[in-house]
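Notes follow the structure.
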Amino acid sequence: WSNPKRPSVTVLGDLFRFLSVSAAIFSVTRKRSFFMYRLLLLASVATIVAVLQDLLHQSVSIRGVLRCRKTPETPLIPLENTRVQLYEKRSAILGNALIVSNRTDKNGAFYLNGSTSRLLPISPLLHIESDCDGRSHNVKLPSLRTHITRSKAAKRTVNIGVIHL
1 WSNPKRPSVT
11 VLGDLFRFLS
21 VSAAIFSVTR
31 KRSFFMYRLL
41 LLASVATIVA
51 VLQDLLHQSV
61 SIRGVLRCRK
71 TPETPLIPLE
81 NTRVQLYEKR
91 SAILGNALIV
101 SNRTDKNGAF
111 YLNGSTSRLL
121 PISPLLHIES
131 DCDGRSHNVK
141 LPSLRTHITR
151 SKAAKRTVNI
161 GVIHL
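Each step along the sequence shown adds one to the number in my numbering, with nothing skipped, and position 164 is 164.
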């Protein structure tokens, strides 16, 4: 049910075929027991839940580079081994939900690729654990609606470029 190469329309077709075969098997059965009703109901609910979870999955992939300049006279240096986290921005009551976390390499480059299940489109928020001064930053990303994929694996990567802290 969760093959990322198959479009969601095919998943709905699979669900329809499963339910029609289940109904045909049930109608052939002469003894319509309560157990058979419960078994078919359980199988149908499990299938519907699996299809809905597959349809609600959203993924995003982001890459970029972190640079630091302590004073205006010093050159830019890469921020290595800095924790970079991608959150799903939610309301103040629910709090932000972590999608994926990673660390920068020796050149300050990072790559984040993660997914979550949600009905509404996600609003990714980039959190940088520390910068040159030891402070953490939340970076509000530009609208990524065109880069968010409705599957478990992102189809394209957004390059947000170099971030100067």
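Backbone N, C-alpha and C fix where the C-beta goes; we use that ideal spot for every residue, glycine too.
Computed from a predicted structure; not experimentally measured.
Item, Value
"Ile148 - DSSP class collapsed to helix/strand/coil", "coil"
"DSSP state of Ala92 mapped onto helix, strand, coil", "coil"
"Counterpart residues of Gln53 in DSSP-defined beta bridges", "DSSP output for Gln53 lists no bridge partner at all."
"When Ser151, Gly114, Arg135 are compared against Arg63, the one with the closest alpha-carbon", "Gly114"
"C-beta contact flag for Leu76 and Arg83 at 8 Å", "no"
"Beta-ladder partner(s) of Phe110, from DSSP", "Gly64"
"Unbroken beta strand (DSSP E) run spanning Pro72, endpoints", "Here Pro72 belongs to no beta strand (DSSP E), and DSSP marks it neither H nor E."
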